[in-house]
Structures are given as C-alpha cells and as structure tokens.
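Written out below as structure tokens is the structure these notes cover.
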Amino acid sequence: MEKKRKIVRIYLIPILASVTAVVFWWAFRDEERYYWWLALIALITLAHYLVYWKWERGRVLKD
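According to my numbering, numbering within the sequence shown proceeds without interruption in unit steps and concludes at 594.
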C-alpha cells in the first residue's frame, strides 16, 4: 500500500499539473471565445488533489 502511495505522489502531481497547464493554454488561446469554465474545472481538480495528498500524507505520518 505504501508503494502505491509513493508512486501516486511521484507521478500523479506532475501529470495533473501538466494537464492543468495544457487546459489553461487551450482554454484561453482564442480571444473570441474563452473556455474559462474548463480552466476552472482543471484548477479545482488540481487543488482538490493537492489538498487530499497533503491530508493523506499528514495522516500517514501521524500513524
């Protein structure tokens, strides 16, 4: 279980950050039509995962 958490910690955060950056670029590339709602969803997803990861890490360290 600990190995799975380590893999998620190492790989998932950079992948989510990269996907969020690409979504932001795509959402704001066209000046006539902004997809601000898509960028907002990507940002909320990244923030949710980061908060969950910090909480999970704190919980594991306390045990």
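Glycine is no exception: its CB is placed at the ideal position from the N, C-alpha and C atoms.
Check	Outcome
If you draw a straight line from the alpha carbon of tyrosine 580 to that of aspartate 561, how long is it in whole angstroms?	28 Å
Hey, out of Tyr583, Ala578 and Trp586, whose CA is closest to valine 550's CA?	Ala578
Glutamate 562 by DSSP, collapsed to three states: which one?	coil
Which residue's Cα is closest to the Cα of alanine 548: Thr576, Phe559, Glu563 and Trp586?	Thr576
Cβ atoms of valine 582 and leucine 569: under 9 Å apart, would you say?	no
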